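Working notes for the structure below.
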Amino acid sequence: MANYLVIVESPTKVKTIKKFLGKNYTIEASQGHVRDLPKSQLGVDVENDYEPKYITIRGKGELLAKLRKEAKKADKVYLATDPDREGEAISWHLKAALGLDDKKASRISFNEITKTAVKAAIKKPRELDMDLVDAQQARRVLDRVVGYKISPLLWAKVKRGLSAGRVQSVTLRIIADREEEINNFIPEEYWSLEAILKVAGEKRPITAKFYGADNKKMIIGSKAELDKILKVVEKAEYKVTDIKVGERNMKAPLPFTTSTLQQEASKALNFATSKTMRIAQQLYEGLDIKKHGTVGLITYLRTDSTRVSEEADASVREYIKETFGEKYVTSLDPNKNGKKNIQDAHEAIRPADVSLTPAIVKDSLSREQFRLYQLIWKRFVASRMESAKYETTSVKIGADKYVFTIAASKVLFDGFKTVYTEADEEKEKKNLLLNGLTKDSKLTKEKLESEQHFTQPPAHYTEASLVKTLEELGIGRPSTYAPTISTIIARRYVAKEGKNLYLTEIGEVVNGIMKQSFPSIVDVNFTANMEELLDGVEEGDVKWKTVIENFYPDLDKAVKKAEEELESVTIEDEVTDVICDKCGRNMVIKYGPHGKFLACPGFPECRNTKPYLEKIGVSCPLCGKDVVIRKTKKGRKYYGCENNPECEFMSWQKPIEKKCPQCGGYMVEKGNKNVCADNQCGYSETK
Numbered sequence: 001m002a003n004y005l006v007i008v009e010s011p012t013k014v015k016t017i018k019k020f021l022g023k024n025y026t027i028e029a030s031q032g033h034v035r036d037l038p039k040s041q042l043g044v045d046v047e048n049d050y051e052p053k054y055i056t057i058r059g060k061g062e063l064l065a066k067l068r069k070e071a072k073k074a075d076k077v078y079l080a081t082d083p084d085r086e087g088e089a090i091s092w093h094l095k096a097a098l099g100l101d102d103k104k105a106s107r108i109s110f111n112e113i114t115k116t117a118v119k120a121a122i123k124k125p126r127e128l129d130m131d132l133v134d135a136q137q138a139r140r141v142l143d144r145v146v147g148y149k150i151s152p153l154l155w156a157k158v159k160r161g162l163s164a165g166r167v168q169s170v171t172l173r174i175i176a177d178r179e180e181e182i183n184n185f186i187p188e189e190y191w192s193l194e195a196i197l198k199v200a201g202e203k204r205p206i207t208a209k210f211y212g213a214d215n216k217k218m219i220i221g222s223k224a225e226l227d228k229i230l231k232v233v234e235k236a237e238y239k240v241t242d243i244k245v246g247e248r249n250m251k252a253p254l255p256f257t258t259s260t261l262q263q264e265a266s267k268a269l270n271f272a273t274s275k276t277m278r279i280a281q282q283l284y285e286g287l288d289i290k291k292h293g294t295v296g297l298i299t300y301l302r303t304d305s306t307r308v309s310e311e312a313d314a315s316v317r318e319y320i321k322e323t324f325g326e327k328y329v330t331s332l333d334p335n336k337n338g339k340k341n342i343q344d345a346h347e348a349i350r351p352a353d354v355s356l357t358p359a360i361v362k363d364s365l366s367r368e369q370f371r372l373y374q375l376i377w378k379r380f381v382a383s384r385m386e387s388a389k390y391e392t393t394s395v396k397i398g399a400d401k402y403v404f405t406i407a408a409s410k411v412l413f414d415g416f417k418t419v420y421t422e423a424d425e426e427k428e429k430k431n432l433l434l435n436g437l438t439k440d441s442k443l444t445k446e447k448l449e450s451e452q453h454f455t456q457p458p459a460h461y462t463e464a465s466l467v468k469t470l471e472e473l474g475i476g477r478p479s480t481y482a483p484t485i486s487t488i489i490a491r492r493y494v495a496k497e498g499k500n501l502y503l504t505e506i507g508e509v510v511n512g513i514m515k516q517s518f519p520s521i522v523d524v525n526f527t528a529n530m531e532e533l534l535d536g537v538e539e540g541d542v543k544w545k546t547v548i549e550n551f552y553p554d555l556d557k558a559v560k561k562a563e564e565e566l567e568s569v570t571i572e573d574e575v576t577d578v579i580c581d582k583c584g585r586n587m588v589i590k591y592g593p594h595g596k597f598l599a600c601p602g603f604p605e606c607r608n609t610k611p612y613l614e615k616i617g618v619s620c621p622l623c624g625k626d627v628v629i630r631k632t633k634k635g636r637k638y639y640g641c642e643n644n645p646e647c648e649f650m651s652w653q654k655p656i657e658k659k660c661p662q663c664g665g666y667m668v669e670k671g672n673k674n675v676c677a678d679n680q681c682g683y684s685e686t687k
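For the record, in the sequence shown the residue sitting at position 639 is 639 according to UniProt numbering, with numbers rising by one throughout.
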């Protein structure tokens with residue numbers, strides 16, 4: 001009997017796949033990559049056609065020896081790594097490292113780890129797709145030359161421990177640009193006005209919102225404008241001038257891609273992108289489900305595609321018909337709505353078997369695994385259901401020349417909403433139904449309510465909104481979003497407080513250097529064009545070394561120029577009046593991976609260091625001591641008292657010495673204004 005060796009990436013897959021194949025199949029795991037560029041050097045021969053130098057990854061020698069032994073015994077070797085660029089490259093490296101020829105080794109891939117999919121893949125072995133391999137090689141070499149050429153410069157400039165990356169640096173810039181936008185934002189005043197109206201014959205009053213004048217929308221920009229309007233509407237007669245009743249359809253969402261899964265898991269489950277991918281990997285590779293054994297619960301998790309196989313589509317439609325009724329099954333083909341792209345050979349992220357409902361698998365999964373699986377399952381089922389239908393009512397109410405409006409809706413058919421509601425929608429307020437309201441209804445004003453507001457700056461990025469922006473700008477690909485965000489947080493370039501991402505002091509310094517010396521690397525359009533070139537390599541339209549040839553000379557020139565300029569800038573250590581309590585010298589300000597700190601200039605004889613607390617020249621509103629710039633544990637800047645922890649004063653905005661003339665409290669800088677820190681007071685003045 002013939003012997004076959006199947007090599008997958010992870011040990012978990014070994015356990016799952018062993019169930020599906022016979023005794024004459026040996027399943028082994030490569031545990032990821034087995035070869036890579038060396039850590040100790042560039043590993044790319046720029047003088048010899050940019051040839052990469054691959055070596056066995058440290059610690060993988062014993063594993064490769066075992067795989068060689070098994071490969072010798074086998075009549076056929078199936079390379080069954082993940083179905084993407086990275087997986088194709090791992091198979092290519094395995095084939096080279098194990099010394100396998102084309103006759104003995106074949107590539108197989110499957111989008112889901114189920115018995116049907118694995119057995120079908122074994123029946124359709126293929127050759128390695130060198131376009132996929134080359135696309136991965138191009139990405140790896142690009143990332144290596146950027147990192148290994150620029151990082152030493154950052155090290156020299158900011159003293160130690162920093163790094164640059166092709167995708168991470170432009171991502172940092174996007175966050176820095178948003179931070180600058182927020183800091184430069186000038187709030188503008190506006191007022192809202194609502195009329196609480198009694199409808200004759202109805203118990204509940206209705207609330208109408210101010211719309212404008214003479215049927216034209218207007219914004220109430222000041223108290224003076226509000227008072228002018230109030231003078232009229234206080235005495236006016238309120239009449240229904242127009243009622244429009246219509247229908248609105250809300251289409252079912254498409255099934256998840258990597259990007260939309262990361263966004264929705266962040267909003268609905270509060271998962272970091274890295275956590276979402278880690279748990280999705282577990283669901284994909286296989287888990288032990290009661291009465292079903294080890295099962296791969298979802299399809300492959302790195303995809304740009306919303307396409308679904310015909311079998312899965314038919315299966316979910318049958319499930320919807322049996323569970324909810326035929327009227328809930330969509331007549332549309334959602335596959336036609338999916339965008340055409342490089343990854344369309346893949347499917348969307350969906351349950352491998354829709355009949356394994358969340359209720360069936362719940363007891364076999366951890367809480368986090370269950371929550372993510374339930375999200376994926378519900379989204380997929382919803383994607384094959386009919387639109388939700390609403391009856392909408394829009395009412396205009398006249399008060400002299402001014403107009404107030406009310407909008408309401410009621411569900412006519414719940415459609416896909418039976419199964420799935422997006423996280424953002426759950427936060428929406430439901431409008432009261434306008435029962436009994438007609439053009440002849442008599443309205444009586446009960447009261448008018450007005451409130452002052454200020455326009456808000458753009459929101460800080462969250463992981464979800466950053467992933468959405470990266471995808472829209474064409475930066476990175478499904479496999480890069482989570483590791484890129486994890487890297488800039490781990491480097492402390494960005495701090496994550498709650499869900500929001502904030503630029504740290506060290507991130508600001510690194511971004512400044514990159515913008516100054518390597519503007520193309522942190523240019524959004526340049527990075528997006530590079531991604532398109534890599535897609536061109538994958539499609540076989542572009543040679544991978546051509547991409548490197550066109551990129552490296554400009555990078556090398558920029559590095560040499562920066563070396564000259566940076567070397568001519570001597571960064572003198574700033575001497576402070578803080579005395580070293582070990583040797584009596586005046587301590588100096590130095591930069592570390594986490595920002596500024598105080599160090600003794602007597603290093604290495606004296607190794608004393610202290611946190612650097614920069615005074616801003618303002619007295620603490622609580623105790624009178626100096627306010628200093630501090631940082632949270634994650635690196636986000638704030639203002640606190642030097643007497644902390646005895647004094648608990650802190651502010652995210654920079655305090656000023658002047659007291660609020662209205663309430664006597666302290667004031668802070670905000671845009672081009674100084675405002676009272678007490679929101680209830682609301683006093684503000686232009687700087």
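Think of the CB as a built atom: it goes at the ideal place given N, C-alpha and C, for glycine as much as any other residue. The structure presented is a predicted model; accordingly, all values stated were derived computationally and were not measured.
Buried versus exposed, by CB contacts within 10 Å (16 or more), residue i
i: Gln456; result: exposed
i: Ala459; result: exposed
i: Asp400; result: exposed
i: Met130; result: exposed
i: Lys244; result: exposed
i: His453; result: exposed
i: Val232; result: exposed
i: Phe603; result: exposed
i: Thr299; result: buried
i: Glu179; result: buried
i: Arg491; result: buried
i: Ala407; result: exposed
i: Leu412; result: exposed
i: Pro351; result: buried
Integer Cβ distance of residue i from residue j, believed to fall under 8 Å
i: Thr257; j: Thr306; result: 6 Å
i: Glu181; j: Val133; result: That belief does not hold up - the Cβ atoms of Glu181 and Val133 are roughly 41 Å apart, past 8 Å.
i: Arg107; j: Gly43; result: Actually they do not touch by this definition, with Cβ atoms about 25 Å apart.
Length of the line joining the Cα atoms of residue i and residue j
i: Tyr502; j: Ala272; result: 15 Å
i: Met385; j: Arg85; result: 33 Å
i: Asp102; j: Arg166; result: 35 Å
i: Ala558; j: Ile548; result: 15 Å
i: Thr438; j: Ile206; result: 13 Å
i: Thr570; j: Leu172; result: Low confidence applies to Thr570: its pLDDT is 47, below 50, so where it sits in the model is not reliable enough to give any reading.
i: Gly617; j: Thr576; result: 15 Å
i: Ser383; j: Ser309; result: 13 Å
i: Ile475; j: Tyr420; result: 30 Å
i: Thr527; j: Val170; result: 8 Å
i: Asp344; j: Tyr666; result: Below a pLDDT of 50, predicted positions are generally treated as unreliable, and Asp344, at 47, falls in that range; no measurement from the model is reported.
i: Arg477; j: Glu391; result: 40 Å
i: Asn431; j: Tyr683; result: Any reading at Asn431 is ruled out, since the residue's pLDDT is 44, under 50, leaving its predicted position unreliable.
i: Tyr25; j: Met277; result: 30 Å
i: Lys499; j: Ala268; result: 12 Å
i: Ile7; j: Arg367; result: 31 Å
i: Ser355; j: Tyr319; result: 7 Å
i: Asp304; j: Pro38; result: 31 Å
i: Ile175; j: Glu311; result: 42 Å
i: Lys235; j: Ala213; result: 16 Å
Extent of the continuous alpha helix (DSSP H) run through residue i
i: Glu70; result: Gly61 to Lys73
i: Gln374; result: Arg367 to Ser383
i: Tyr319; result: Glu310 to Phe324
i: Gly212; result: Not the alpha helix (DSSP H): Gly212 falls in the beta strand (DSSP E), residues Ile206 to Ala213.
i: Tyr638; result: Segment Lys637 to Cys641 is the beta strand (DSSP E) holding Tyr638; no alpha helix (DSSP H) there.
i: residue 738; result: Because the chain is modelled from 1 through 687, residue 738 falls outside the range shown and cannot be assessed.
Beta-carbon proximity check, residue i vs residue j, cutoff 7 Å
i: Leu94; j: Ser30; result: yes
i: Cys660; j: Phe649; result: no
i: residue 689; j: Val46; result: Lying outside 1 to 687, the shown extent of the chain, residue 689 is not represented and no answer is given.
i: Cys606; j: Lys582; result: yes
i: Ala164; j: Ser151; result: yes
Continuous beta strand (DSSP E) stretch holding residue i: start and end
i: Pro655; result: Pro655 to Lys659
i: Glu685; result: Ser684 to Thr686
i: Trp191; result: Glu189 to Val199
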